[in-house]
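The sequence shown: position 130 = 1441 (my numbering), numbered continuously. Heads up, the thing below is written out as structure tokens.
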Amino acid sequence: MSTTLIAPSVLASDFGNLQRDVEMINQSEADWFHIDIMDGVFVPNISFGMPVLKAISQHATKTIDVHLMIVDPDRYIKEFAALGANILTVHYEACTHLHRTLQAIKAEGMKAGVAINPHTSVDLLKDVIKDIDLVCIMSVNPGFGGQSFIENTFKKVQKLKEIIITNNAPTLIEIDGGVTDKNAAELSNAGADVLVAGSFVFKSDDQPETIKNLRSIANS
Ligand code: DX5
Ligand code: ZN
1312 MSTTLIAPSV LASDFGNLQR DVEMINQSEA DWFHIDIMDG VFVPNISFGM
1362 PVLKAISQHA TKTIDVHLMI VDPDRYIKEF AALGANILTV HYEACTHLHR
1412 TLQAIKAEGM KAGVAINPHT SVDLLKDVIK DIDLVCIMSV NPGFGGQSFI
1462 ENTFKKVQKL KEIIITNNAP TLIEIDGGVT DKNAAELSNA GADVLVAGSF
1512 VFKSDDQPET IKNLRSIANS
């Protein structure tokens, strides 16, 4: 079985000490940086935007996984590529022409991701699954860190895994929201490839140790 990756969410970091927290992730056993961009329209919160992403990518030494919680993401694809995004994830619910958006992301040299809200069925991705490098299953309603994990996510992971296997697609499954040491192993066993963890990492006393433990639980 392939390794389950850990992507700490910078949303939960201390923005007053951003470089320190980026360095912590660099030095830790984390695999990716997860960067949440919110516009206050698609979700009821505003996080941070391009200048902050630029600052992060100047110091980050690992894959930068950008999760756009914004309407009409097509407007900014080129800018995110220029800012160092390696994976650009848009929301299914925010894209009228999802297939076109995925091609536009790949044309800029990035991996193309699609995030789905808790109410969105994985079945809706069937016809484009081969074009998707990563599906981000939201296990909370997007907009805020620190929420409780929605249990129905396990079923969605299993169902999506079946769709990926049936279609012989290269797609990774990422889980975002409420990930802890309590659900990491079950998520990984259900088929998750990447676990995003915000509060669980940044609210802990020993963050590198928490990342290390989470990674080891997810791969146990
Ligand atoms: C929520 C974001 C998540 C968030 C996860 O809208 O997409 O990436 O940072 O935070 P936790 O792990 O605290 O649920
Ligand atoms: Zn996210």
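Ideal Cβ placement from N, Cα and C applies to all residues, glycine included. Remember, it's a predicted structure, so these values are computed and weren't measured experimentally.
Residue burial classification, Phe-1511 (beta-carbon count within 10 angstroms, cutoff 16)
Residue numbering aside, residue 1511 sits at position 200 when the sequence shown is read from its first letter. So Phe-1511 counts as buried.
Can you give, in chain order, each stretch of the alpha helix (DSSP H) that sits fully within the region 1425–1497 and has at least 4 residues?
If you keep only unbroken alpha helix (DSSP H) runs of at least 4 residues inside the region 1425–1497, you get 1464–1477.
Assigned secondary structure, Ser-1320 (DSSP; H/G/I helix, E/B strand, else coil)
If you number the sequence shown from 1, residue 1320 lands on position 9. Note: Ser-1320 maps to strand in three-state DSSP.
Going by CA-CA distance only, name the one from Thr-1412, Glu-1404 and Ala-1418 that's closest to Ala-1393.
The residue given as residue 1393 occupies position 82 in the sequence shown. Ranked by how close their Cα comes to the Cα of Ala-1393, the residues Thr-1412, Glu-1404 and Ala-1418 have Ala-1418 in first place.
8 Å Cβ cutoff met for Ile-1317 and Ala-1529
Locating residue 1317 in the sequence shown gives position 6, counting from the first residue. Locating residue 1529 in the sequence shown gives position 218, counting from the first residue. In this structure, Ile-1317 sits near Ala-1529, with a CB-CB distance shorter than 8 Å.
Check each residue's C-beta against every heavy atom of ligand 2 and list, in chain order, those closer than 5 Å.
Asp-1347, His-1378 and Asp-1487
Taking 8 Å as the cut-off, decide whether the C-beta atoms of Ile-1398 and Asp-1332 are in contact.
One-based indexing of the sequence shown puts residue 1398 at position 87. One-based indexing of the sequence shown puts residue 1332 at position 21. No, Cβ-Cβ distance for Ile-1398 and Asp-1332 is not below 8 Å.
Does the Cβ of Ser-1432 have 16 or more other Cβ atoms within 10 Å, making it buried, or fewer, making it exposed?
Mapped onto the sequence shown, residue 1432 falls at position 121. With fewer than 16 Cβ atoms within 10 Å of its Cβ, Ser-1432 is classed as exposed.
Quick one: Cα of Val-1490 to Cα of Ala-1415, how far?
Against the sequence shown, residue 1490 aligns to sequence position 179. Against the sequence shown, residue 1415 aligns to sequence position 104. Cα to Cα, the separation comes out at about 30 Å.
Which class does Leu-1506 belong to by DSSP, given the choice of helix, strand or coil?
As a working note, residue 1506 is residue 195 in the sequence shown. The answer is strand: DSSP assigns Leu-1506 an E or B state.
Does the Cβ-Cβ distance between Ile-1475 and Thr-1482 come in under 8 Å?
Counting from 1 along the sequence shown, the entry for residue 1475 is found at position 164. Counting from 1 along the sequence shown, the entry for residue 1482 is found at position 171. Result yes, Cβ atoms of Ile-1475 and Thr-1482 sit closer than 8 Å.
With H, G and I counted as helix, E and B as strand and the rest as coil, what does DSSP make of Met-1421?
In the sequence shown, counting from the first residue as 1, residue 1421 sits at position 110. In this structure, Met-1421 counts as coil in the three-state DSSP scheme.
Going by DSSP in three states, Leu-1379 sits in which element: helix, strand or coil?
Numbered from 1 along the sequence shown, position 68 holds the residue referred to as residue 1379. DSSP places Leu-1379 in strand when its eight states are reduced to three.
For the 8 Å Cβ check, are there 3 or more pairs between the region 1357–1371 and the region 1399–1411?
Note that the region 1357–1371 does not touch the region 1399–1411; fewer than 3 beta-carbon pairs, one per stretch, sit closer than 8 Å.
Do you know how far the Cα of Leu-1506 is from the Cα of Lys-1523?
As a working mapping, residue 1523 is identified with position 212 in the sequence shown. As a working mapping, residue 1506 is identified with position 195 in the sequence shown. Approximately 13 Å between the Cα atoms of the pair.
For Asp-1385 and Gln-1469, what's the separation of their Cα atoms in angstroms?
Reading the sequence shown from its first residue, position 74 is the one you call residue 1385. Reading the sequence shown from its first residue, position 158 is the one you call residue 1469. The straight-line gap from Cα to Cα measures roughly 30 Å.
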